[in-house]
Amino acid sequence: MERKSPVFTAFVYVCAILLGAVILAPLAWLFVMSISPAADLAAKPLRWWPQAADFSRYAQLLSRAENSAGAAFTSSLRNSLEVAGMATLAAVVLAVPAGWAVSRTPSVGWSLSMVIATYMLPPVALSVPLYMGLSYLGLLNNVFGLALIYLTILAPFTTWLMKSGFDSIPREIEAAAMIDGAGLLQTWRIITLPLAAPVVATSALFAVLLAWDEFFYALLFTSDQRAKTLTVAIADLAGGRVSDYGLIATAGVLAALPPVLIGLFMQRALISGLTSGGVKG
Amino acid sequence: MSGTWMTTRAWLLMLPLLVIMVAVIGWPLVDTVRLSFTDAQLVGTAGNYVGFDNYTKMLTSSNFTRTLSTTTWFAVISVAAEMVLGVLAALLLNQEFRGRAVLRGLMILPWALPTVVNATLWRLIYNPEYGALNAALTQLHLIDDYRSWLGEPGTALAALIVADCWKNFPLVALIALAALQAVPRDITAAALVDGAGPFNRFRFVILPYLAGPLMVALVLRTIEAFKVFDIIWVMTRGGPANSTRSLSILVYQEAFSFQRAGSGASLALIVTLLVTVLAVAYATLVKKTAGSAA
Chain A
1 MERKSPVFTA
11 FVYVCAILLG
21 AVILAPLAWL
31 FVMSISPAAD
41 LAAKPLRWWP
51 QAADFSRYAQ
61 LLSRAENSAG
71 AAFTSSLRNS
81 LEVAGMATLA
91 AVVLAVPAGW
101 AVSRTPSVGW
111 SLSMVIATYM
121 LPPVALSVPL
131 YMGLSYLGLL
141 NNVFGLALIY
151 LTILAPFTTW
161 LMKSGFDSIP
171 REIEAAAMID
181 GAGLLQTWRI
191 ITLPLAAPVV
201 ATSALFAVLL
211 AWDEFFYALL
221 FTSDQRAKTL
231 TVAIADLAGG
241 RVSDYGLIAT
251 AGVLAALPPV
261 LIGLFMQRAL
271 ISGLTSGGVK
281 G
Chain B
1 MSGTWMTTRA
11 WLLMLPLLVI
21 MVAVIGWPLV
31 DTVRLSFTDA
41 QLVGTAGNYV
51 GFDNYTKMLT
61 SSNFTRTLST
71 TTWFAVISVA
81 AEMVLGVLAA
91 LLLNQEFRGR
101 AVLRGLMILP
111 WALPTVVNAT
121 LWRLIYNPEY
131 GALNAALTQL
141 HLIDDYRSWL
151 GEPGTALAAL
161 IVADCWKNFP
171 LVALIALAAL
181 QAVPRDITAA
191 ALVDGAGPFN
201 RFRFVILPYL
211 AGPLMVALVL
221 RTIEAFKVFD
231 IIWVMTRGGP
241 ANSTRSLSIL
251 VYQEAFSFQR
261 AGSGASLALI
271 VTLLVTVLAV
281 AYATLVKKTA
291 GSAA
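Encoded structure:
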């Protein structure tokens, strides 16, 4: 091993502190804004730490009083949960058979490559016919319509992850079950899916993160509290005439909480999922 | 079991996925091509066939060329910065120091933060009246007067790029770190014994391991940067004076704000073609890199 000089060690620590500060400072500031009294945020010079922590905005946003900021926020929260939940469930249900098929019969793999290549398409290239189509079907401003479109964003990822997961389950185990007389569905239920459970969980979480993050289609295809998702609600707040910046920050913290918790909790699985394609490259 | 049955069964299992993809992506794409040759409006008239009129009009408009150059600047600078910062952060995180595991864990945070929340956060930081950036720079005596970072054409694009980099360089760092951990220790040790300096060790020993994964990250980030919509929409809506307008925002304005579905569609296809050409060029490059790095 290389012997590290004290100067080098000091340099490493300085860089590490710098990197930590760069990552944490904006996030910490978002949280501080959310608990600072409005007067502190408007003070010059700016008050970096609130005299008294004020959590009232959280209560305000999570209350369901009619025509309040809370009503708009909670309905968008519910819409986001519904759309992400439905789209994720459907994306996993489609991905299991499709991923298994490509894993066991590589000759059909080119169709999955085409499905994945749709990632390159800018959403604007599909937006006009989708808008007209949804309008024709009466699915504009509707959580089902939005979930249907999200499904096509999530399914390529979940199918790819499921395929990689099935690849690591030896065919011989499935073959043994089939020789014992198990049908395909039975083999999946008893052998394949229990072994693939961690991959199913990882791809579902990936899908939730993708759906939670989506903004463009939601902006185009939703117009009021019946279907507006969190991302659109937050963009409305940020672009609107809200004078209390702390309220915008609070909405941001609440919207960021689920994906950030998933990210921290799933760290290892997410990173290996993100890099599996790359490292083998 | 016979091969034909296996293949048929595989297609049957793929069928639900393929049907949905064709219905929600395939058909709209074909319909966009059809629309691009018409003067259709978003609501009302179905439109008449106008040949390549939309394409010639769009390609020769100064809006398009200006927006293309803005998007290219955004993509090139933000992706380049993300790659450099990502690799530097990964090299740091590969050193041994106390708190390393915690710092590695923190890197997931910007990536997990929703894009719209990130854009909102930075919009607040850049706020001309009450923003943290103005306050910090003034209190450190680096600037005398508060500035409108997103309100001036000179700084708006740069401010957007900083916000985009902050969110995305940690992902590059995590990918690069995973690759670094795959570099066998005895190889770096051998290079050290042979008297290779830090730069040569990076260039000839470590970089070959990084090249493949970094190329993949580069491709994905470039495609995303070229399609950019969310962060710009939330932070500036393409302003001020259209100085931060990306191609996706131009299409949105044409098709939805001005309701010109036909010319919007032609513009969307031009963008799609650009992204495809980029992706194919990169894919060839990735194959080459993967071949030589092995």
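Listed in order, the protein sequences are those of chains A and B.
The numbering of the first sequence is this note's numbering, which starts it at 1 and goes up by one.
The numbering of the second sequence is this note's numbering, which starts it at 1 and goes up by one.
Glycine included, each C-beta is placed from N, C-alpha and C at the ideal position.
Because the structure is a prediction, the values reported are computed rather than measured.
Give the straight-line distance between the Cα atoms of residue i and residue j, rounded to the nearest whole angstrom.
{"i": "Gly281 (chain A)", "j": "Pro208 (chain B)", "result": "Residue placement at Gly281 (chain A) is flagged as unreliable, the pLDDT there being 30, under the threshold of 50; the coordinate-derived value follows with that caveat. Their backbone Cα atoms lie some 12 Å apart in a straight line."}
{"i": "Ala158 (chain B)", "j": "Thr88 (chain A)", "result": "36 Å"}
{"i": "Thr7 (chain B)", "j": "Arg104 (chain A)", "result": "10 Å"}
{"i": "Gly278 (chain A)", "j": "Ser263 (chain B)", "result": "Here the model assigns Gly278 (chain A) a pLDDT of 41, short of 50, so the residue's position is not dependable and the matter cannot be decided."}
{"i": "Thr71 (chain B)", "j": "Met83 (chain B)", "result": "18 Å"}
{"i": "Leu42 (chain B)", "j": "Phe229 (chain B)", "result": "20 Å"}
{"i": "Cys165 (chain B)", "j": "Ala176 (chain A)", "result": "51 Å"}
{"i": "Tyr282 (chain B)", "j": "Glu82 (chain A)", "result": "37 Å"}
{"i": "Ala294 (chain B)", "j": "Leu210 (chain B)", "result": "Reliability fails at Ala294 (chain B), whose pLDDT of 43 lies under 50, so the model's placement of it is uncertain and no value is given."}
{"i": "Ala52 (chain A)", "j": "Gly197 (chain B)", "result": "54 Å"}
{"i": "Glu96 (chain B)", "j": "Leu88 (chain B)", "result": "15 Å"}
{"i": "Ser5 (chain A)", "j": "Leu192 (chain B)", "result": "15 Å"}
{"i": "Arg185 (chain B)", "j": "Leu214 (chain B)", "result": "20 Å"}
{"i": "Ala84 (chain A)", "j": "Leu230 (chain A)", "result": "11 Å"}
{"i": "Ser2 (chain B)", "j": "Gly183 (chain A)", "result": "16 Å"}
{"i": "Ala25 (chain A)", "j": "Arg57 (chain A)", "result": "21 Å"}
{"i": "Val33 (chain B)", "j": "Thr118 (chain A)", "result": "16 Å"}
{"i": "Pro16 (chain B)", "j": "Val242 (chain A)", "result": "45 Å"}
{"i": "Asn94 (chain B)", "j": "Ala190 (chain B)", "result": "18 Å"}
{"i": "Thr236 (chain B)", "j": "Arg245 (chain B)", "result": "9 Å"}
{"i": "Gln139 (chain B)", "j": "Ile23 (chain A)", "result": "21 Å"}
So residue i contacts chain A; which residues on that side make the cut at Cβ distance below 9 Å?
{"i": "Ser257 (chain B)", "result": "Those do not exist, as Ser257 (chain B) stays about 11 Å from chain A at its closest Cβ, beyond 9 Å."}
{"i": "Tyr130 (chain B)", "result": "Leu41, Ala42, Ala43, Lys44, Leu46, Tyr245"}
Identify the contact partners of residue i in chain A, using a Cβ-Cβ distance below 7 Å as the criterion.
{"i": "Gly105 (chain B)", "result": "Leu264, Gln267"}
{"i": "Arg203 (chain B)", "result": "Near Arg203 (chain B) there are no residues of chain A at all, since even the closest Cβ is about 17 Å away, more than 7 Å."}
Since residue i meets chain B, which of its residues come closer than 8 Å, beta carbon to beta carbon?
{"i": "Met162 (chain A)", "result": "What Met162 (chain A) touches in chain B: nothing, since even the nearest Cβ is about 11 Å away."}
{"i": "Trp110 (chain A)", "result": "Correct list: empty, because the minimum Cβ distance to chain B is about 11 Å."}
{"i": "Val12 (chain A)", "result": "Leu92, Gln95, Phe97"}
Beta-carbon within less than 6 Å of residue i's beta-carbon, same chain only, minus the 5 sequence neighbours each way: which residues are those?
{"i": "Gly145 (chain A)", "result": "Leu134, Leu139"}
{"i": "Val115 (chain A)", "result": "Pro156"}
{"i": "Asp244 (chain A)", "result": "Ala38"}
{"i": "Ser80 (chain A)", "result": "Thr229, Leu230"}
Mind pulling the chain B residues with CB within less than 7 Å of residue i?
{"i": "Asp213 (chain A)", "result": "Pro114, Thr115"}
{"i": "Val260 (chain A)", "result": "Leu109, Ala112, Leu113"}
Return the chain-ordered list of same chain residues with a C-beta closer than 7 Å to the C-beta of residue i, the five sequence neighbours on each side being excluded.
{"i": "Ile187 (chain B)", "result": "Val205"}
{"i": "Ala91 (chain A)", "result": "Leu151, Leu154, Ala155, Thr158, Ala207"}
{"i": "Tyr126 (chain B)", "result": "Leu133, Trp149, Leu150, Ala159"}
{"i": "Arg226 (chain A)", "result": "Asn141"}
{"i": "Glu152 (chain B)", "result": "Pro240"}
{"i": "Val251 (chain B)", "result": "Gly264, Leu267, Ala268, Val271"}
{"i": "Gly109 (chain A)", "result": "Val102"}
{"i": "Thr38 (chain B)", "result": "Gly47, Asn48, Tyr49, Val50, Gly262"}
How would you list, in chain order, the residues of chain A whose beta-carbon sits under 8 Å from the beta-carbon of residue i?
{"i": "Thr276 (chain B)", "result": "Met120"}
{"i": "Val271 (chain B)", "result": "Pro122, Val124, Ala125"}
{"i": "Asp53 (chain B)", "result": "Per Cβ cutoff of 8 Å: no residues; Asp53 (chain B) is ~17 Å from chain A at best."}
Note down, in chain order, each residue of its chain lying with its Cβ closer than 8 Å to the Cβ of residue i, except the 5 sequence neighbours on either side.
{"i": "Pro50 (chain A)", "result": "Val32, Ile35, Ser36, Pro37, Asp40"}
{"i": "Trp111 (chain B)", "result": "Lys167, Asn168, Pro170, Leu171, Leu174"}
{"i": "Ser279 (chain B)", "result": "In the sequence on display, residue 279 (chain B) carries Ala and not Ser. For Ala279 (chain B), where only same-chain residues beyond five positions count, the Cβ hits under 8 Å are Val219, Ile223."}
Taking a Cβ distance cut-off of 9 Å, strictly less, list which residues of the segment 215-239 of chain A are near chain B, in chain order.
-> The residues in question are Phe215, Phe216, Leu219, Leu220, Leu230, Thr231, Val232, Ile234, Ala235, Leu237, Ala238, Gly239.
Looking at chain B, which residues of the segment 20-33 of chain A have a Cβ within less than 8 Å of any of its Cβ atoms?
-> Along the segment 20-33 of chain A, going in chain order, the ones with a CB nearer than 8 Å to a CB of chain B are Gly20, Val22, Ile23, Leu24, Pro26, Leu27, Trp29, Leu30, Met33.
Could you run through the segment 172-205 of chain A and flag, in chain order, every residue whose CB is less than 7 Å away from some CB of chain B?
-> Answer set for the segment 172-205 of chain A: empty.
Enumerated in chain order, which unbroken segments of the alpha helix (DSSP H) with a length of 4 residues or greater are wholly contained in the segment 88-161 of chain B?
-> Here the runs fully enclosed are 100-106, 108-112, 115-125, 132-139.
Could you pull out every unbroken alpha helix (DSSP H) segment of at least 4 residues lying fully inside the segment 15-46 of chain A, listed in chain order?
-> Here the runs fully enclosed are 38-42.
Taking only beta carbons into account, state which residues of the segment 119-137 of chain A come closer than 9 Å to chain C, listed in chain order.
-> As a matter of chain content, chain C is missing from the structure shown, whose protein chains are A and B.
Any chance you could list the alpha helix (DSSP H) runs of at least 4 consecutive residues sitting entirely within the segment 42-97 of chain A, in chain order?
-> Segments of the alpha helix (DSSP H) lying fully in the segment 42-97 of chain A: 56-62.
Taking a cut of 8 Å between CB atoms, which residues from the segment 159-174 of chain B lie near chain A?
-> Within the segment 159-174 of chain B, the residues whose Cβ lies closer than 8 Å to some Cβ of chain A are Trp166, Pro170, Leu171, Leu174, listed in chain order.
Fully enclosed by the segment 31-93 of chain B, which beta strand (DSSP E) runs are 3 residues long or longer?
-> Here no run is fully enclosed.
Every unbroken beta strand (DSSP E) within the segment 129-169 of chain A, with a cutoff of 3 residues, ordered by chain | Correct list: empty.
Residues of the segment 68-101 of chain A with a CB closer than 7 Å to any CB of chain B: list them in chain order, please.
-> Answer set for the segment 68-101 of chain A: Leu94, Pro97, Ala98, Trp100, Ala101.
Closer than 9 Å, Cβ to Cβ, to anything on chain B: give me those residues from the segment 144-162 of chain A, in chain order.
-> Taking 9 Å as the Cβ-Cβ cut-off, the segment 144-162 of chain A approaches chain B at Leu148, Ile149, Leu151, Thr152, Ala155, Pro156, Thr159, given in chain order.
Fully enclosed by the segment 216-275 of chain A, which alpha helix (DSSP H) runs are 4 residues long or longer?
-> Counting whole runs of 4 or more residues, the segment 216-275 of chain A contains the alpha helix (DSSP H) stretches 216-221, 230-239, 245-265.
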